[in-house]
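Visitor: Just so you know, the sequence shown maps onto residues 2 to 444 in the numbering used here. Next up is a structure, given as C-alpha cells.
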Amino acid sequence: MSDIVVFANTAITIIGVVVLILRAKISPAIALVLGALYLGLVSGLGPEQTIKSITTGFGDLMTEVGLLIAFGVLLGSLMASLGAIEKLVDRLVRLFGPKTLPYAFGSTIGTVLQSIFADVLLVITAPLASRLSRQIGPHGAARMCAAMALGIEVGLVFVVPGVGAVALAGVLDLPFGKMFVFGAITAVFTIVTTLALFTALAKRGLWNPELDETEELPVAEVEAGEERRYPSLWLSLSPLLLALLLIASGAIAEMLGLSSPVVDFLGDPVIALLIGLVGALVIARWKLPKEDTEAAFKRGFHESGQILILTGVGGSLAQTVKDVGLGGLLKDYFTTSTLLPLLLVWAVAAVLHIAVGSVVLASITAAGVLGPVMPMLGIDPVFVALAAGAGSLFVIHATSNTFWLLQTLLPQTIRGALKSVTLTVSTASVIAMVPIQLMAFLF
C-alpha cells in the first residue's frame with residue numbers, strides 16, 4: 002500500500018472521529034473505536050488483526066495507567082474531604098503577599114493538587130480564588146481567574162498524576178517518574194511566565210473590570226464559607242506529599258543511576274499513590290464521620306470510570322495507527338532535527354482540540370499518531386508527550402466544560418473568561434514549547 006494511501010486513511014480517520022463527535026453527537030469513546038476499526042480495515046490489517054490491535058491497545062494502556070488513574074482520583078477525593086485544599090490556600094495567603102499570591106496559587110494547583118479530579122478541584126478552589134481576588138489589589142480578579150485557569154489546564158496535561166499527563170505517559174510507554182519531573186518543570190515555568198505576561202497586559206488595558214467582572218460573588222463562595230472541623234494542614238496533606246515525594250525520588254534516582262530494588266519499588270507511581278491512598282484513608286477514618294469517607298470513595302469511583310474508558314480507547318486508536326505502519330513512513334519525511342517534529346505534534350494536538358474541545362482526547366490522539374516515529378529521530382518520547390499536551394491547550398473555548406465552570410464559578414463575565422481562559426491558556430500553549438524544545442535539545 003502506498004504512503005499516500007496510508008496518510009490519507011489516517012487523515013480520514015481523524016477527521017471522521019471529529020465529525021462523529023461534533024456532528025453526530027456520538028460519545029468520544031465510541032467514535033475512537035469506530036475510527037480505529039475503519040483505519041485497520043482500510044489499511045489492510047484485516048478484521049482479525051484490527052480487532053486485536055484495538056483490544057491490545059486498550060488492554061496495554063490500562064495495564065500502564067489503570068491503577069494509577071484510579072488511585073490518583075480516589076486519593077484526590079479523600080484530600081478534598083479532609084479539607085486539605087482550603088487549609089493549603091489559607092497558608093499560601095499568609096506566606097505570600099498580594100503580588101506573588103496568584104503565582105503561588107496557580108503553581109500549587111498545577112502541581113501539588115493534580116491528583117484531584119479537575120472539575121472537583123475547580124469547584125473547591127474557585128470560591129477561595131474569588132474571595133482572594135478582592136484582597137490582592139487592582140486587577141485581583143483578573144489575576145486570580147487567570148491563575149485558576151492556568152493551574153487547572155496546564156497541570157492536567159503536564160504533571161503526574163494529572164489525568165492528561167498519566168494518559169500521555171501511558172500511550173507513549175513513558176516512566177511516570179520521568180514524566181513527573183520534566184512535566185513539573187514545564188508546568189511551573191509555563192504558569193509563572195504566562196501569568197506574568199497576562200498581568201502586564203491586564204494593567205495596560207486588556208482587562209476592563211466594568212465589562213469583564215461580575216458584581217456579585219458566585220453562590221459557591223457562600224457555600225464555601227460554612228465552618229467545618231478539618232484535620233491540620235500537614236496531617237491532611239501528608240499522604241499526597243508523601244506520594245509525590247516517592248515518585249520524584251524514584252525518577253531522580255533512576256536518572257542519576259542510583260536506583261535499587263527498594264527505591265524502584267517505593268518510587269513506582271502505582272505503589273507511591275497506593276501508599277498515599279492508604280494513608281489518606283486511615284486519616285479520614287480517624288478524623289471524619291464514616292459516611293463522609295464512604296461518600297468520598299463513591300465520588301472517586303464515579304469520576305475515574307469515565308476517565309478510564311476514554312483513555313483506554315485512545316490507546317486502541319494509537320495501537321492501530323502503530324500497526325498500520327504510519328511511524329515508519331513518517332520517518333522518511335523528517336530530518337534528525339527536534340524542532341519540526343515537535344512542532345508538528347503540537348499543531349496536530351492544537352487542531353484536534355479546536356475541533357473536539359477535549360484536552361485529554363486531543364493530546365493522546367496526537368501523541369498516539371505521531372509518537373511511534375519520534376524515537377527513530379532520536380527524540381525522547383517524554384518531549385513528544387509534553388508537546389502533545391501543550392498543543393491540546395490551544396484555544397480552550399465554549400465547547401469545553403471547564404471553560405463554563407471557570408466562567409460561572411469565578412467573578413468574571415463571558416467576555417472576561419475569553420481573556421482569562423481562552424487567551425491566557427492559548428498563550429500558555431505556545432510558551433510551554435520553549436522549555437520543551439530546550440530540554441529536547443539538551444537531553
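Here a beta-carbon is modelled for each residue, glycine too, at the ideal position from N, C-alpha and C.
Give the range of the alpha helix (DSSP H) segment to which R95 is assigned.
Guide: It spans A85 to L96 - the alpha helix (DSSP H) in which R95 sits, taken as one unbroken run.
Visitor: Let me know the secondary structure DSSP gives N209 once reduced to three states.
Guide: Coil, per DSSP.
Visitor: Please work out which residues of its chain come closer than 6 Å, Cβ to Cβ, to F72, disregarding the five sequence neighbours upstream and downstream, and give them in chain order.
Guide: The residues are L274, L275 and L278.
Visitor: What residues in its chain sit with their C-beta under 7 Å from that of L46, if we drop five residues either side in the sequence?
Guide: Cβ within range, chain order: S54, D324 and V325.
Visitor: Which term fits L79, buried or exposed, when burial requires 16 or more other beta carbons within 10 angstroms of its beta carbon?
Guide: Its Cβ being crowded by 16 or more others within 10 Å, L79 is buried.
Visitor: Quick one: Cα of K88 to Cα of T200, how far?
Guide: If you take the alpha carbons of K88 and T200, they lie about 26 Å apart.
Visitor: Nearest to G107 by alpha carbon, out of G156, V19, E214 and L35?
Guide: Taking only the C-alpha atoms, the option nearest G107 is G156.
Visitor: Can you give the Cα-Cα distance for V360 and S393, rounded to whole angstroms?
Guide: Cα to Cα, the separation comes out at about 5 Å.
Visitor: Helix or strand or just coil, what does DSSP make of S78?
Guide: S78 falls in the helix class under three-state DSSP.
Visitor: What residue does the alpha helix (DSSP H) around D174 start on, and which one ends it?
Guide: Element bounds for D174: n/a, residue is neither H nor E.
Visitor: Compare the C-alpha of I432 against each of V422, S305 and V193 and name the closest.
Guide: Nearest C-alpha to I432: V193.
Visitor: Closest to K420 by C-alpha separation, out of I31, K100, C146 and V161, would be which residue?
Guide: Minimum Cα distance to K420 is reached at C146.
Visitor: From the DSSP output, in three-state form, read off L411 for me.
Guide: If DSSP states are grouped into helix, strand and coil, L411 belongs with coil.
Visitor: What is the residue span of the alpha helix (DSSP H) that M445 lies within?
Guide: Since the first and last residues shown for the chain are 2 and 444, residue 445 lies out of range.
Visitor: If you drop the 5 nearest sequence neighbours on each side, which residues of the same chain put their C-beta closer than 8 Å to that of M434?
Guide: So the qualifying residues of the chain are L343, L344, W347, A388 and A391.
Visitor: Can you check whether the CB of L173 is closer than 8 Å to the CB of S364?
Guide: No, these two residues do not count as a Cβ contact at 8 Å.
Visitor: Whole angstroms is fine: what's the gap from I272's alpha carbon to F266's?
Guide: So the alpha carbons of these two residues sit roughly 7 Å apart.
Visitor: Below 8 Å on the Cβ atoms is my guess for S317 versus A37; work out the distance and round it to an integer in Å.
Guide: S317 to A37, Cβ: 5 Å. Contact.
Visitor: If contact is defined by three or more beta carbon pairs under 8 Å, each pair taking one atom from either stretch, is the stretch 90 to 107 in contact with the stretch 296 to 310?
Guide: They do not touch, by the three-pair rule.
Visitor: Looking at the structure shown, is K26 part of a helix, part of a strand, or coil, going by DSSP?
Guide: Residue state, collapsed to three classes: coil.
Visitor: Quick check on I397: does DSSP put it in helix, strand or coil?
Guide: I397 falls in the coil class under three-state DSSP.
Visitor: If you follow the alpha helix (DSSP H) that G369 is in, where does it begin and where does it stop?
Guide: Counting along the chain, the alpha helix (DSSP H) containing G369 begins and ends at V360 to L371.
Visitor: Should W235 be labelled buried (16 or more other beta-carbon atoms within 10 Å of its own) or exposed?
Guide: With fewer than 16 Cβ atoms within 10 Å of its Cβ, W235 is classed as exposed.
Visitor: Between the alpha carbons of H354 and A244, how many angstroms are there, rounded?
Guide: Approximately 31 Å between the Cα atoms of the pair.
Visitor: Between F395 and A429, what straight-line distance do the alpha-carbon atoms span, to the nearest angstrom?
Guide: One C-alpha to the other measures close to 8 Å.
Visitor: What number of angstroms, rounded off, separates the C-alpha of I5 from the C-alpha of T14?
Guide: Their backbone Cα atoms lie some 14 Å apart in a straight line.
Visitor: Between A30 and the rest of its own chain, which residues show a CB-CB distance below 6 Å, the 5 nearest in sequence each way excluded?
Guide: I310, L311 and V314.
Visitor: Where does L381 sit, in a helix, a strand or coil, going by DSSP?
Guide: This sequence places Asp at residue 381; Leu is not what is there. D381: coil per DSSP, three-state reduction.
Visitor: Could you name the residues of the same chain whose beta carbon sits closer than 6 Å to that of L68, not counting the 5 residues immediately before and after it, in chain order?
Guide: Closer than 6 Å at the Cβ level, and outside the excluded window around L68, lie V271.
Visitor: If you drop the 5 nearest sequence neighbours on each side, which residues of the same chain put their C-beta closer than 7 Å to that of V18?
Guide: Result list for V18: A32, L33 and G36, in chain order.
Visitor: For L114 and L407, I'd like the C-alpha separation in whole angstroms.
Guide: The straight-line gap from Cα to Cα measures roughly 17 Å.
Visitor: By how many angstroms is the C-alpha of V383 removed from the C-alpha of I253?
Guide: Those two C-alpha atoms are separated by around 15 Å.
Visitor: Select from V20, V158, M149 and V74 the residue whose C-alpha is nearest the C-alpha of L241.
Guide: Nearest option by C-alpha distance: V74.
Visitor: Could you tell me the distance, in whole angstroms, from the CA atom of I380 to the CA atom of V161?
Guide: Each residue's Cα considered, the two are about 21 Å apart.
Visitor: Do you know how far the Cα of A296 is from the Cα of A285?
Guide: Distance between the alpha carbons of A285 and A296 is about 11 Å.
Visitor: Can you tell which of T57, A150 and Q50 has its C-alpha closest to the C-alpha of S457?
Guide: This structure gives no information on residue 457, because the portion of the chain shown stretches from 2 to 444.
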